[in-house]
Amino acid sequence: MNTSLLIETARAPVADNKGLLAMDESSDTCNQRFATAGITQTVEMRRAYRELLLTAPGLGEHISGVILVDETLQQAKADGTAFIDVAHDAGLLVGIKVDTGAKALAARPGEKVTEGLDGLRERLQAYFAMGARFAKSRGVIAIDGARLPTAACIAVNAPALARYAALCQETGLVPIVEPEVLMDGAHTQQSCQQVTEAVLRSVFDQLSMQGVVLEAMLLKPNMVIAGLSCATQNTAAEVADATVQCLLRVVPAAVPGIAFLSGGQSGEQASGRLNAMHVRHGKASQPSALPWPLSFSFARALQHPALNMWAGNDANRAAAQQALLHRARCNSAALKGEYSAAMESA
Ligand code: 13P
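Its first residue numbered 5, the sequence shown is counted upward by one per residue in my numbering.
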């Protein structure tokens with residue numbers, strides 16, 4: 005393992021007020037989103053949509069890199085240029101989602117364990133040879149009152165994330181470690197904070213125990229938010245304060261960056277909350293209370309307006325690309341504490 009190169013690579017996705025575009029939905033998830041938007045669910049439509057995203061003009065101004073899924077990594081533009089070359093030509097780092105999905109956890113109804121460790125070393129070596137420089141694996145944790153999460157759910161997912169991360173580093177890929185506490189449910193923000201803290205504590209225990217170099221990884225957590233059906237929804241300032249407090253308690257300063265998932269927030273909510281973190285605690289407040297850069301690695305909060313605008317019709321392609329670029333600009337502004345709702349109407 006070339007540790008100094010890995011450390012350098014890990015800093016790049018969160019540098020220069022940029023973040024990542026996650027476009028690594030599995031075929032099933034992508035098809036579900038297509039179905040909701042009234043788009044035909046075929047390999048070719050998924051390819052055309054990913055081409056639209058990757059060729060948005062000037063994407064690299066606000067986006068440092070993309071996370072792809074295996075299908076997309078193997079695909080090419082209509083003119084035959086491999087997507088990985090399209091991304092590199094646009095100045096984008098290439099990452100690859102390597103988990104094979106969250107599957108039902110035996111004996112723990114309602115909970116999941118992430119699979120994809122079998123044969124992972126060989127897959128990572130192949131992705132590295134193709135030009136990928138970072139990877140992603142996601143574990144999911146559900147909250148349901150006092151019932152979930154169970155200790156078992158955390159106890160199986162945290163070591164799996166650490167095993168994945170150690171294999172990535174061995175292969176020369178920077179691991180993005182994504183333990184996602186889901187927004188589904190009626191739980192309070194306080195409950196989300198407690199669970200997120202417990203999950204992150206367990207994940208970092210495992211990362212250390214399994215020899216993962218903390219300086220050469222990125223964390224992709226959820227923000228600390230009340231469940232979608234909780235009667236009390238918090239302000240952006242409250243989300244920012246609880247999220248930063250939670251992360252400061254458990255994420256070692258050695259970690260070179262934190263890039264949030266959006267988890268089902270709207271684009272505006274995600275930008276507003278990210279902005280509040282920077283205004284209240286980060287670069288825009290003096291001095292910054294944060295030991296790591298906070299950035300984004302959004303899928304839905306970057307893509308949704310573009311997907312709906314495109315709706316499977318190539319006549320809408322340019323407008324859909326503009327919708328994507330707008331969200332990228334808004335999130336980059338949020339990293340400077342310069343996002344405002346006025347940007348949405350500009
Ligand atoms: P969302 O931003 O839509 O939560 O997706 C992030 C992601 O990469 C999920 O694995």
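All C-beta atoms, glycine included, are put in the ideal place defined by N, C-alpha and C.
Since residue i and residue j are thought to touch, with beta carbons under 8 Å apart, how far apart are those beta carbons, to the nearest angstrom?
i: A244; j: R284; result: 5 Å
i: G99; j: F138; result: 4 Å
i: G62; j: L329; result: 7 Å
i: L96; j: I71; result: Not quite, the Cβ-Cβ distance comes to about 10 Å (not below 8 Å), so this is no contact.
i: L56; j: R304; result: About 16 Å; that fails the 8 Å criterion.
i: A14; j: E219; result: 7 Å
i: C234; j: S275; result: Incorrect: roughly 21 Å between the Cβ atoms, too far for contact.
i: Q249; j: V217; result: Going by Cβ atoms, the distance from Q249 to V217 rounds to 26 Å, so no, they are not a contact pair.
i: F132; j: T104; result: Going by Cβ atoms, the distance from F132 to T104 rounds to 18 Å, so no, they are not a contact pair.
Quick one: is residue i buried, meaning 16 or more other Cβ sit within 10 Å of its Cβ, or exposed?
i: H308; result: buried
i: V47; result: exposed
i: Q36; result: exposed
i: H191; result: buried
i: A169; result: buried
i: L9; result: exposed
i: R125; result: exposed
i: G42; result: exposed
i: A280; result: buried
i: M5; result: exposed
Measuring alpha carbon to alpha carbon, tell me which of the options ends up nearest residue i.
i: K107; options: R331, E48, A146; result: A146
i: P297; options: D74, R333, A263, T154; result: A263
i: E182; options: N21, M221, V217, D20; result: M221
i: E75; options: G95, V18, R50; result: R50
i: A338; options: K287, R304, E184; result: K287
i: P153; options: S30, T13, L10, G114; result: G114
i: E272; options: S336, Q325, A322; result: S336
i: A86; options: R54, K101, K116, V248; result: R54
i: D209; options: L165, Q194, T175, L232; result: L165
i: W314; options: T44, M213, N6, G341; result: T44
i: V160; options: E184, L218, L109; result: L109
i: Q194; options: S344, T33, G149, A310; result: G149
i: L265; options: Q249, N238, Q197, I180; result: I180
i: T7; options: V90, K101, L177; result: L177
i: L252; options: C234, P225, D93; result: P225
i: Q269; options: G341, D89, D188, R142; result: D188
i: A202; options: S30, A156, Q129; result: A156
i: K140; options: L223, G123, T59; result: L223
i: Q196; options: L232, L171, G135; result: Residue identity check: residue 196 is Cys in the sequence provided, not Gln. Selected option, being the one with the closest Cα: L232.
i: S30; options: V102, E242, H92, M5; result: V102
i: R151; options: F132, C34, V199, G105; result: V199
i: D93; options: T59, V117, D122, M134; result: T59
How about residue i: is its Cβ closer than 7 Å to a heavy atom in the ligand FAD?
i: T85; result: Ligands in the displayed structure: the ligand 13P; the ligand FAD is not one of them.
Indicate whether at least one CB of chain B lies closer than 8 Å to the CB of residue i.
i: A130; result: Structure shown: chain B not included; a single protein chain is present.
Runs of beta strand (DSSP E) lying entirely within the stretch 146-196, each at least 3 residues, in chain order: If we require 3 residues or more, the beta strand (DSSP E) runs fully inside the stretch 146-196 come out as 178-185.
Neighbourhood of the ligand 13P [Cβ distance below 5 Å to any heavy atom], ordered by chain position: A26, R142, L265, S266, G267, F302, A303, R304
Residue ranges of each beta strand (DSSP E) within the stretch 5-55, 3 or longer: 23-26
Whole beta strand (DSSP E) elements within the stretch 113-150, 3-residue minimum: 116-118, 138-145
Quick check for students: name the residue ranges of the beta strand (DSSP E) that lie wholly in the stretch 295-348, counting only runs of 3 or more. With a minimum length of 3 residues, the continuous beta strand (DSSP E) runs that stay inside the stretch 295-348 are 298-302.
What are the complete beta strand (DSSP E) segments, minimum 3 residues, inside the stretch 240-294? 262-264
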